[in-house]
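Take the first sequence: its position 936, counting from 1, is numbered 936 in full-length UniProt numbering, and each next residue is one higher. Written out below as structure tokens is the structure these notes cover.
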Amino acid sequence: MDQLGDKPTSNTFDILFRRLIAAGLTRQAIQAFDDMERFTKRETDREDFVDLLDTLCKYGYAKVATEVFNGRKFKFEPDTQMYTVMIYGWCKLNRPEVAEKFFREMVDRGFEPNVVTYNVLLNGICRRTVLHPGTHFEGIIQKAENLLDEMQKRGIEPDVTSYSIVLHVYNRAHKPDLSLDKLSLMKEKGIFPTVATYTSVIKCLCSCGRLEDAEEILNEMVANGVSPSPTTFNCFFKEFQGRKHADNALKLYKKMGDLSCTPSLSTYNILVGTFSRLNKMDIVQEIWNDMKESGAGPDSDSYALLIHGLYEKRRWEESCEFVLEMIENGFLPQNITLEKLYKANTDDQDDEEDNLTLIERKEKLEEDNLTLAERKEKLEAASALDRISKTKIAAKKVTSSSLKCASKKIIKSRSKSTNLHLNSGAGKKWTTFAHNGIVLPPPYKPHGVKMLYNGEQVELTPEQEEVATMFAVMKDTEFAAKPKFIENFMNDWRVILGKEHVIKKFHLCDFTPIYDWHQNEKDKKKQLSALERKALKEEKLKEDERYMWAFVDGKKEKVGNFRVEPPGLFRGRGEHPKMGKLKRRIRPDEITINIGKGEPVPECPIPNERWKEVKHDNTVTWLAFWKNPIDPKAFKYVFLDDTSSWKGQSDKDKYEKARLLKDYILDIRANYRKDFRNKDLMKQQISVAAYLIDMLALRAGNEKDDDEADTVGCCTLKVENVSLVPQTNKLEINFLGKDSIKYENTVEVDPLVYKAIGEFKKGKNTGEELFDKLDTYKLNAHLKELMPGLTAKVFRTYNASITLDKLLNSEIMNRNVAEKVVVYNRANKEVAKLCNHQRSEPKSHGAQMLKLRDNIVKLKGVLDGLETNLHRVRKGKAPLQLDADDGKPKKNFTPEILQRKIKLTLDKIEKTERDMDLKKELKTTALGTSKTNYLDPRISVAWCKRHEVPIEKIFNKSLLAKFAWAMDVDPSFRF
DNA sequence: AGCGAGACTTGGAAAAATTTTG
DNA sequence: CAAAATTTTTCCAAGTCTCGCT
């Protein structure tokens, strides 16, 4: 550029800064700023500097901006605008406390904040509530109010923006009255509320069920000449949908037209959903036409709502027609939509072709490289196989031809290559994919503490010392006492020590010096002040920041485990044959990176080394992988976080599949019952296995290698794991499952199953498989014949979720929130028990129980005393002084008071006893696993909405983030 | 059909953070 | 306010299931 004679302008630099900063190259950006004057031959001014700070802050580098700002390396004196930018930067990072520090500094140094400064800070404080639904709103509201007060004291009037910010918080906090107060305050001060202001208040009122008040505001708004937006109306419509107020919704819809407010796409979608759920298809039709006319829609959501609505009302014919239309308009129906329809369209699936979903057929046709005419023929032949049920003959006929027609159209539109939004490549997961790679563990830092061998200090190289330390720090885990662990550790360590090394025998090793050193280090860390610790944490966060995020098709997504596992000793579960083996350090040349084509490939963090390979595979979702050094047949992957769209989508798909099973379950159960006596041994075993999986929520049970812990699942059960309890129909089941967790259960089963198991066991020795003709592949192949996509694990998801749904549906009115939460936890516990989710007994459990028992004894003592006094008072004698009393004279001890006290004490005893029982029961039960993996979050969210339980009582921060996709579920949702 | 590679979900323990208690 | 108890987060092991090959 320089050579071409063009002088770079400051504008050029602006773009350069932006690019550099966007790419995370903040140092370079600052360097460039430094160099700017030399190139532009123009003095950089204050504005350039503010721009630099602003850009840094915008991209989340508030800390760098702070350094630049505080460094005073530049000639510019701070001013209000610069401070405002800094405050903005820290607020953006969601660190209002730092922002406030800047604010105070600014005021102290005599710079007058303006309304922008205040709004930025206010927004920062209030933003918290958006990001962290669990925050205490009261505190935030108080803070915001204080800031508003301070503003006024300083003579700065809050403007519309300020009010909008606080109104938003009230909205989130469900504080309709505060919302209304603020609104009138605004009017008093002569600030004209905008559409957004009014909408905020209305939203708050609606979501709190105060529809009348909301309507009043709406009228006021119109009277004041502010035209409501579709969003304003949507607040009402959403509420009407929840309450099934068809008439009100209709009335409002008319009113909207009168006010000449054009509904938005989401208005239409809400209404379509509302009325199709209420089975008012004529109204749906009207709305649908309006929507088309207005040109706002339909989109894929509209179609999905309509199609499901029609489907639920068993109007297959129409629903198929809309599938056609949808595809024709370039929207790909969800697999689940097609599966449902297809299911309605088929009966017994004897023909293999019959089990294909429309999509599968479509793909099949695409794969076969046929001419168009040939494809058509084949498709028609396939459709002809569709079975027509006796009950649904009329609908079915049309359906078959509709589907046939749909497929034709797909082909047609394909060949014309129109604007189809279909996934062109099968299994394509992304188009663009950018990330900054992974973090390798830091190199080993030798400590030089010498261990003893045969009582003498020994020299160790850093490599040898590293492995010795790994063992030393595990001294007080139970691993360190296991012979297998020690044996494997010694074998691997000896290789590193070398043949000539003095250390030969484990029993002569004394690791205590290293252990003590390690304890000491740990203590030192504990001694750190809260401030120090915070600083350390911040530092780490800063380092990790660039690895924490990836961009998938332009969307920012959180990365999960971007840290490569550090070397260590393998800690297998149960009796794992490889426990104690050295888990090597992973070198970059073992790591394969997957990233979008053309994206900057993350640099290898170790100089002179390189990645094993860089791939651009868009059919997978991993960022990196390497071979598991402990088991070379397996891999370790780096994936996105649970909050990512990829994980969210597949989570949702999982639960939709389980819900689909609900429609099939009766048939499937009938199917396996029928085969309990099948003469074909494999079929019989499949049916019994399916029964156990369905009834007891067992896992499938894949085959395992000899070099893994010896655990089983359903298909791999050994004869000794299941015994028949004589003279009953009970089975005693006892085995080690996943993670070597013990499964123990004695259950009554179908007499035919009892008998069949007896037959399977006959003639087999201990160690042989109960289901010898079976493996998970065969089982799943069979299940797939009964329902598209069905596998063994779907039963676990299905049974867990349906159990929660049923248990939560019991009547729980007239209870306070805490009691409702107990109801939820109890249901959760039942599911955890069903899935056999266990945990090891908390260390302090025994002591805790003792304490509770102690309390009960004490309370019983008090009770005795009270009862004695009651007797005495009744007989007219003076009451005795009781231990538990406060020593005041007991003149006014009437029998009534004593009786009340007795009642209270009894309640207390009962409560403590309940606590004890609960604690005992939960001692070894883990509730978390089912919550994260098996319970459809929509059940919980909908339940919370119905019973006005804040969702934060049920889901913690990470679960809320993970289940973001489920939060807007309709309150009437049932699994 | 059977097998091994590959990819993604599920799972408990331990560490860290937060809340309660004394 | 520190210690204890409890909850949340991190870590990584251990499953399930699919796909492509023979």
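The C-beta atom is built at its ideal place from N, Cα and C for all residues, glycine as well. Since we're looking at a predicted model, the values are computed, not measured.
Subject >> Same chain, Cβ closer than 6 Å to Trp646, neighbours up to 5 away in sequence not counted >> reply: The residue you call residue 646 lines up with position 646 of the first sequence. Same-chain partners within the cutoff: Thr621, Leu640.
**OP:** Output the boundary residues of the beta strand (DSSP E) element that contains Ala658.
**Re:** As a position in the first sequence, residue 658 is number 658, starting the count at 1. Ala658 -> not in any beta strand (DSSP E); alpha helix (DSSP H) instead, spanning 645-674.
Original post:
Which residue or residues does DSSP assign as beta-bridge partners of Lys730?
Top reply: As a first step, residue 730 must be located in the first sequence, where it is residue number 730. Per DSSP, Val725, Glu748.
Original post:
How many Å lie between Ile393 and Ala781 at the Cα?
Top reply: For the purposes of this step, residue 393 is taken as residue 393 along the first sequence, with counting starting at 1. For the purposes of this step, residue 781 is taken as residue 781 along the first sequence, with counting starting at 1. Any answer about Ile393 is weak, because its pLDDT of 31 lies below 50 and its placement is not dependable; what the coordinates show is given next. Looking at the two C-alpha atoms, the distance is approximately 30 Å.
**OP:** Compute the Euclidean distance between the alpha carbons of Glu47 and Gly110, then round it to the nearest angstrom.
**Re:** In the first sequence, counting from the first residue as 1, residue 47 sits at position 47. In the first sequence, counting from the first residue as 1, residue 110 sits at position 110. So the two alpha carbons sit approximately 21 Å from each other.
Original post:
Does the region 603-622 come close enough to the region 576-593 to have 3 or more Cβ pairs within less than 8 Å?
Top reply: yes
Subject >> Proximity winner among Lys962, Ala62, Asp213, relative to Ser644 (alpha-carbon distances) >> reply: Numbered from 1 along the first sequence, position 644 holds the residue referred to as residue 644. Taking only the C-alpha atoms, the option nearest Ser644 is Lys962.
**OP:** Assign Leu541 to one of two classes, buried (16 or more other C-beta atoms within 10 Å of its C-beta) or exposed (fewer than that).
**Re:** Stepping through the first sequence from its first residue, residue 541 is reached at position 541. It is exposed - the Cβ of Leu541 has fewer than 16 other Cβ atoms within 10 Å.
Original post:
By how many angstroms is the C-alpha of Asn828 removed from the C-alpha of Val821?
Top reply: In the first sequence, counting from the first residue as 1, residue 821 sits at position 821. In the first sequence, counting from the first residue as 1, residue 828 sits at position 828. Approximately 10 Å, taken between the alpha carbons.
**OP:** Out of Leu122, Leu681, Cys126, Asp181, point me to the one whose CA is closest to Pro158's CA.
**Re:** Numbered from 1 along the first sequence, position 158 holds the residue referred to as residue 158. Nearest of Leu122, Leu681, Cys126, Asp181 to Pro158, Cα basis: Leu122.
**OP:** Any chance you could list the alpha helix (DSSP H) runs of at least 4 consecutive residues sitting entirely within the region 683-709, in chain order?
**Re:** none
**OP:** Find out if the Cβ-Cβ distance for the pair Phe625, Ala756 is shorter than 7 Å.
**Re:** In the first sequence, the residue the question calls residue 625 occupies position 625. In the first sequence, the residue the question calls residue 756 occupies position 756. Against a cut-off of 7 Å, the Cβ pair of Ala756 and Phe625 comes out as no contact.
**OP:** Have a look at Glu380 and Pro788 and give me their C-alpha separation to the nearest angstrom.
**Re:** What you label residue 380 is simply residue 380 of the first sequence in a count that begins at 1. What you label residue 788 is simply residue 788 of the first sequence in a count that begins at 1. Caution applies to Glu380, whose pLDDT of 39 falls short of 50 and renders its modelled position unreliable; the model cannot decide the point.
Subject >> Alpha-carbon to alpha-carbon, Pro113 and Ile165 >> reply: Your numbering for residue 165 matches position 165 in the first sequence. Your numbering for residue 113 matches position 113 in the first sequence. About 18 Å.
Original post:
What residue does the alpha helix (DSSP H) around Trp549 start on, and which one ends it?
Top reply: Stepping through the first sequence from its first residue, residue 549 is reached at position 549. Counting along the chain, Trp549 falls outside any alpha helix (DSSP H), though it belongs to the beta strand (DSSP E) covering 549-552.
**OP:** Pick out the complete beta strand (DSSP E) segments inside the region 187-220, 3 residues or longer, and give them in chain order.
**Re:** none
**OP:** Since I believe Val115 is in contact with Ile87 (beta carbons under 8 Å), could you give me their beta-carbon distance rounded to a whole number of angstroms?
**Re:** Along the first sequence, read from residue 1 onward, the residue named residue 87 stands at position 87. Along the first sequence, read from residue 1 onward, the residue named residue 115 stands at position 115. Not quite, the Cβ-Cβ distance comes to about 13 Å (not below 8 Å), so this is no contact.
**OP:** Return the bridge partner residues of Arg494 from the DSSP annotation.
**Re:** Counting from one through the first sequence, the residue named residue 494 turns up at place 494. Note: Arg494 sits in no beta bridge, so no partner.
Original post:
Would the beta-carbon of Ser179 fall within 7 Å of that of Val201?
Top reply: As a position in the first sequence, residue 179 is number 179, starting the count at 1. As a position in the first sequence, residue 201 is number 201, starting the count at 1. For Ser179 and Val201, yes; Cβs fall inside 7 Å.
**OP:** Would you list the residues sitting across from Tyr637 in a DSSP beta bridge?
**Re:** Indexing the first sequence from 1 puts residue 637 at position 637. Answer is Phe625.
Original post:
Which two residues bound the contiguous beta strand (DSSP E) that contains Glu613?
Top reply: Indexing the first sequence from 1 puts residue 613 at position 613. Segment 613-615, the beta strand (DSSP E) holding Glu613.
**OP:** To the nearest angstrom, report how far apart Ile741 and Thr925 are at their CA atoms.
**Re:** Numbered from 1 along the first sequence, position 741 holds the residue referred to as residue 741. Numbered from 1 along the first sequence, position 925 holds the residue referred to as residue 925. Ile741 and Thr925: Cα-Cα distance of roughly 12 Å.
Subject >> Coarse secondary structure for Thr716, derived from DSSP in three states >> reply: On the first sequence, position 716 is the one that residue 716 refers to. If DSSP states are grouped into helix, strand and coil, Thr716 belongs with the helices.
Subject >> 7 Å CB neighbourhood of Val969 in its chain, flanking five on each side removed >> reply: Walking along the first sequence from the start, residue 969 turns up at place 969. So the qualifying residues of the chain are Arg938, Val941, Ala942.
Subject >> Whole-angstrom distance between Val857 and Arg874, CA atom to CA atom >> reply: Locating residue 874 in the first sequence gives position 874, counting from the first residue. Locating residue 857 in the first sequence gives position 857, counting from the first residue. Rounded to whole angstroms, Arg874 to Val857 spans 26 Å at the Cα level.
**OP:** Sort Met695, Val473, Gly598 by Cα distance to Gly580 and report the nearest one.
**Re:** The count along the first sequence starts at 1 and reaches residue 580 at position 580. Selected option, being the one with the closest Cα: Val473.
**OP:** Identify which residue in Phe192, His245, Asn734, Asp149 has its Cα closest to the Cα of Leu211.
**Re:** In the first sequence, residue 211 corresponds to position 211, counting from 1. Of the candidates Phe192, His245, Asn734, Asp149, the one whose C-alpha sits nearest the C-alpha of Leu211 is His245.
Original post:
For the beta strand (DSSP E) that Asn594 lies in, which residues bound it at each end?
Top reply: Along the first sequence, one-based indexing puts residue 594 at 594. Taken as a continuous stretch (DSSP letters only), the beta strand (DSSP E) holding Asn594 covers 592-594.
Subject >> C-alpha distance - Leu736 paired with Gly701, whole-angstrom precision >> reply: In the first sequence, residue 736 corresponds to position 736, counting from 1. In the first sequence, residue 701 corresponds to position 701, counting from 1. Cα-Cα distance, rounded: 11 Å.
Subject >> Secondary structure of Phe562, DSSP reduced to three states >> reply: Within the first sequence, numbered from 1, the residue matching residue 562 stands at position 562. Note: Phe562 maps to coil in three-state DSSP.
Subject >> Same chain, Cβ closer than 7 Å to Thr905, neighbours up to 5 away in sequence not counted >> reply: For the purposes of this step, residue 905 is taken as the residue at position 905 of the first sequence. Around Thr905: Leu859, Val862, Leu863, Leu866.
Original post:
What separation, rounded to the nearest whole angstrom, lies between the Cα atoms of Tyr512 and Leu460?
Top reply: Indexing the first sequence from 1 puts residue 512 at position 512. Indexing the first sequence from 1 puts residue 460 at position 460. This sequence places Thr at residue 512; Tyr is not what is there. Thr512 and Leu460: Cα-Cα distance of roughly 15 Å.
Subject >> Beta-bridge pairing of Phe433 - partner residues as DSSP gives them >> reply: Translated into the one-based positions of the first sequence, residue 433 becomes position 433. Note: Phe433 sits in a beta bridge opposite Val552.
Subject >> 7 Å Cβ cutoff met for Gln685 and Phe771 >> reply: Residue mapping note: residue 685 aligns to position 685 of the first sequence, counting from 1. Residue mapping note: residue 771 aligns to position 771 of the first sequence, counting from 1. The beta carbons of Gln685 and Phe771 sit closer together than 7 Å.
Original post:
Counting pairs of Cβ atoms below 8 Å between the region 945-959 and the region 802-822, do you hit three or more?
Top reply: yes
Original post:
Rounded to a whole number of angstroms, what is the C-alpha to C-alpha distance between Leu774 and Met682?
Top reply: Along the first sequence, read from residue 1 onward, the residue named residue 774 stands at position 774. Along the first sequence, read from residue 1 onward, the residue named residue 682 stands at position 682. Between Leu774 and Met682, the C-alpha separation is close to 7 Å.
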